[in-house]
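Numbering (our numbering), first residue to last: 4 to 157. For every residue, glycine included, the Cβ atom is placed at its ideal position computed from N, Cα and C.
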Ligand SMILES: [Zn+2]
């Protein structure tokens, strides 16, 4: 009788351990899924997920697409907004006695803002040139960033 109860107890302990382990694994997976859902940057399986996405991406041709209009994108529209602080001209009369402006000079001019747009729907996709480059190269992370920036615009 002694041996049977020891076996029974061992069996119960083993069953409890397996149950605890299963519950822990489930908890860990759910935790990880939540982290990945809210912030892809912190996802522990991020590199694996990216690899997987990249593979499926290259299977469909790897062409980046606009998250706003869904069109495939071969090139972007680069936009620059300039701020001209001050422009000077030489103002003098021409041969007919009218004002002529020449020798235009731009003082303290600087690019105020620059960004990259979709050539089809002109959604603003990137501000960073590195992101735009990676996007045209078909990198998944840049595609996700484009989706994020379009969502922010809405
Ligand atoms: Zn578009």
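Query	Result
Residue 23 CB to nearest heavy atom of ligand 1 below 7 Å	no
Cβ-based neighbour list, residue 104, same chain, cut-off 8 Å, excluding 5 preceding and 5 following	92, 93, 94
Pocket of ligand 1 defined by Cβ to heavy atom distance under 6 Å	69, 71, 72, 74, 121, 123, 124, 126
Contacting residues, own chain, Cβ-Cβ under 6 Å from residue 8 (five flanking each side not counted)	none
Assigned secondary structure, residue 94 (DSSP; H/G/I helix, E/B strand, else coil)	strand
Per-residue burial, residue 146 [other beta carbons within 10 Å of its own, 16 or more giving buried]	buried
Residue nearest to residue 141 in terms of C-alpha spacing, selected from 109, 17, 67	67
For residue 71 and residue 126, the rounded distance between their alpha carbons	7 Å
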